[in-house]
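Counting with the UniProt record's numbering, you get residues 1 to 303 for the letters of the sequence shown.
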Amino acid sequence: MVRAKNARFSFTCFLAVLIAVMFVITVVLSFKLLTIDQCNCPSLVPELRPSSKPSLKLISTKHRLAVLVPYRERFEELLEFVPYMHRFLNNQQVYHNIFILNQVDTYRFNRASLINIGFLQVKSDFDYVAMHDVDLLPLNENLSYAYPKQPVHLAAPELHPKYHYSKFIGGILLINREHFQLVNGLSNRYWGWGLEDDEFYVRLKDAQLNVTRPENITTGVNNTFRHVHGKDRKRDTTKCYNQREVTRKRDRQTGLHDVRYNVLGYKSLEIDGAPATVINIQLICNHTATPWCDCSPQKSGKV
Ligand code: UDP
Ligand code: MN
């Protein structure tokens with residue numbers, strides 16, 4: 001009798017403990033699921049985390065570089081660019097993120113507008129930018145990507161493999177946030193290849209900014225950069241409507257303030273362990289102001 005009572009008592013105890021344990025497990029599990037759910041929320045805003053962990057020294061200086069790469073259909077070059085630049089900048093302990101400004105509309109390529117838009121996307125998190133061609137790789141590690149007090153033209157005429165005129169400012173240019181804003185970024189009138197960088201040179205000059213170039217570089221035009229520009233990468237030099245006439249002149253109207261576009265999305269990618277952010281950009285063309293954004297025969301009347 002006593003044994004039966006004892007057995008019933010132990011069984012009740014066992015049941016109570018079991019229920020308590022199951023209750024605890026359920027609470028813990030549902031809490032976990034809740035937090036996992038919250039972490040997985042899709043976000044439209046890209047993570048603007050730097051690609052490299054800053055050293056203590058860099059945390060104290062707080063300079064952050066956004067590498068702005070105007071881009072369309074240069075996949076081979078991109079595969080090489082991202083890991084190469086990530087390592088190059090890490091070696092210099094530069095706190096950075098690479099942004100691929102991918103033009104997805106059907107207008108002619110507009111390098112300048114893409115850079116303006118890239119700047120607008122990153123300006124709250126980065127205090128300087130590199131306007132950087134995807135096909136130009138720095139070979140000399142003395143080419144410094146440090147914060148520029150004045151604009152620094154890295155792909156200097158005496159170092160660039162192809163362009164050697166004294167006012168050349170294309171290829172790779174470092175500029176801090178305040179100076180880029182001061183000159184209203186680049187002109188949005190340049191659709192197709194060329195001249196937008198020359199116009200930007202005049203903007204910097206007019207703002208009395210002193211463009212500096214790397215000093216004490218012992219390499220030359222053949223071994224300072226690798227220009228990965230195959231024969232199949234044709235430059236779009238077409239001119240239609242009054243493009244030639246307008247784009248020869250200094251533009252005092254357009255720039256950072258009036259660039260029109262839609263950002264269609266952000267994608268994070270990793271190439272050989274090196275991270276980058278692709279921003280898909282749809283440019284909007286004002287056909288009255290710049291009809292040469294589309295020189296196709298039907299549009300430009302040239303058959
Ligand atoms: N670009 C691009 N797709 C194009 C044209 C240009 O991605 O269809 C970008 C790319 O970053 C390239 C830069 O614009 O490096 C400058 O163009 P390009 O190399 O043709 O000029 P170059 O300096 O060689 O005359
Ligand atoms: Mn090129």
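Beta carbons are placed, not taken as given, at the ideal position from N, Cα and C, and that holds for glycine.
Query	Result
Kindly give me the distance between the Cβ atoms of V82 and A276, rounded to whole angstroms, as I take these residues to be in contact under 8 Å.	5 Å
If I'm right that L65 touches Y95 with Cβ under 8 Å, what's the distance once you round it to whole angstroms?	7 Å
Near R233, what residues of its chain come up, given a Cβ to Cβ distance below 8 Å and the 5 sequence neighbours on each side ignored?	R74, D135
Does the beta carbon of H287 fall short of 7 Å from some heavy atom of the ligand UDP?	no
Report the three-state DSSP secondary structure of K53 (helix, strand or coil).	Caution is warranted here: a pLDDT of 46 is assigned to K53, below 50, making its placement in the model unreliable, and no coordinate value can be reported.
Look at the alpha carbon of E141 and the alpha carbon of T212, and state the distance between them as a whole number of angstroms.	18 Å
Where does the unbroken alpha helix (DSSP H) through K205 begin, and where does it stop?	196-206
What is the DSSP secondary structure of A156, reduced to helix, strand or coil?	coil
Counting C-beta neighbours from all protein chains within 10 Å, is the total for T224 16 or more, i.e. buried, or is it exposed?	buried
Regarding F109 and the ligand UDP, is the C-beta to nearest heavy atom distance less than 7 Å?	yes
Using only alpha-carbon positions, find the residue among I100, F109, N102 that is nearest to T237.	F109
Quick check: L186 and F168, are their CB atoms within less than 8 Å of each other?	no
Would you call the CB atoms of L154 and L173 closer than 8 Å?	yes
Are the CB atoms of N279 and V263 nearer to each other than 8 Å?	According to the sequence displayed, residue 279 carries Ile and not Asn. Cβ atoms of I279 and V263: closer than 8 Å.
Check L283 in the structure and name its three-state DSSP category.	strand
Are the beta-carbon atoms belonging to L101 and I115 less than 8 Å from one another?	yes
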